[in-house]
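Participant:
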Amino acid sequence: MAIPKKGSRLITIDGTVFRWRVRHKPTYDEGMAWAPLSFAVERAEKPGAVLVVSLPCARPDNWLGERTIAIRPFLVVECIRRAVEQGWNSGQPGTGFVLTVAEDELAALVGEPPQHLI
Numbered sequence: 001m002a003i004p005k006k007g008s009r010l011i012t013i014d015g016t017v018f019r020w021r022v023r024h025k026p027t028y029d030e031g032m033a034w035a036p037l038s039f040a041v042e043r044a045e046k047p048g049a050v051l052v053v054s055l056p057c058a059r060p061d062n063w064l065g066e067r068t069i070a071i072r073p074f075l076v077v078e079c080i081r082r083a084v085e086q087g088w089n090s091g092q093p094g095t096g097f098v099l100t101v102a103e104d105e106l107a108a109l110v111g112e113p114p115q116h117l118i
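Numbering (the UniProt record's numbering), first residue to last: 1 to 118.
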């Protein structure tokens, strides 16, 4: 399934252009902070399998004020690189690839302790 162009952002990694997007409105589970903050990534040209990245915190617009982080382009780049290392092939059509980032991995991806927003 393709990512809508509206509301998505482009990012270039090693000459390949990707499109990434956070869902516009939270689902009920995301709003209640039962489901984690996540974003989707695909190739901008010739989309193939979609990458879904799940982060260890709630969405910024959750209804309970749970801790969250801002998704910055640097984090998106590192998540894409990690997914490729784990076998995601963005050019091949097929089922989505899920990358779940644990709390301790988040600091390694960002290069510093994450700055949580409350």
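Where a beta carbon is used, it is the ideal one built from N, C-alpha and C, also for glycine.
In whole angstroms, what separates the C-alpha of V17 from that of R43?
Facilitator: Taking the sequence shown and counting its residues from 1, one reaches residue 17 at position 17. Taking the sequence shown and counting its residues from 1, one reaches residue 43 at position 43. Distance between the alpha carbons of V17 and R43: 6 Å.
Participant: Would you report the Cα separation of A40 and L109, rounded to the nearest angstrom?
Facilitator: Taking the first residue of the sequence shown as 1, we reach residue 40 at position 40. Taking the first residue of the sequence shown as 1, we reach residue 109 at position 109. Going from the Cα of A40 to the Cα of L109 covers about 17 Å.
Participant: So the candidates are P26, Q92 and D104; which of them puts its Cα closest to the Cα of K46?
Facilitator: Here residue 46 corresponds to residue number 46 of the sequence shown, with the count starting at 1. The candidate whose alpha carbon is nearest that of K46 is Q92.
Participant: In this structure, does DSSP put A102 in helix, strand or coil?
Facilitator: Here residue 102 is taken as the residue at index 102 of the sequence shown, counted from 1. Reduced to three states, the DSSP call for A102 is coil.
Participant: How far does the alpha helix (DSSP H) with I80 in it extend, from its first residue to its last?
Facilitator: The sequence position of residue 80 within the sequence shown is 80, counting from 1. Residues P73 to E85.
Participant: By alpha-carbon positions, which one of D14, H24 and K6 ends up nearest to L37?
Facilitator: Residue numbering aside, residue 37 sits at position 37 when the sequence shown is read from its first letter. Considering only alpha carbons, the answer is H24.
Participant: For E42, write down the residues that DSSP places opposite it in a beta bridge.
Facilitator: As a working note, residue 42 is residue 42 in the sequence shown. According to DSSP, which records beta bridges pairwise, E42 is partnered with R19.
Participant: Any idea what DSSP makes of V110, helix, strand or coil?
Facilitator: Your numbering for residue 110 matches position 110 in the sequence shown. In the three-state reduction of the DSSP assignment, V110 falls in the helix class.
Participant: Please report the Cβ distance between T68 and C57, rounded to the nearest whole angstrom; I am assuming they are in contact, meaning their Cβ atoms lie under 8 Å.
Facilitator: In the sequence shown, residue 68 corresponds to position 68, counting from 1. In the sequence shown, residue 57 corresponds to position 57, counting from 1. 5 Å between Cβ atoms; contact.
Participant: Using the rule of at least 16 other Cβ atoms within 10 Å of the residue's Cβ for burial, across every protein chain shown, is L55 buried or exposed?
Facilitator: The sequence position of residue 55 within the sequence shown is 55, counting from 1. So L55 ends up on the buried side.
Participant: Thinking C-alpha only, which one of R21, N62, P60 and D104 is nearest P73?
Facilitator: One-based indexing of the sequence shown puts residue 73 at position 73. The residue among R21, N62, P60 and D104 with its C-alpha nearest the C-alpha of P73 is R21.
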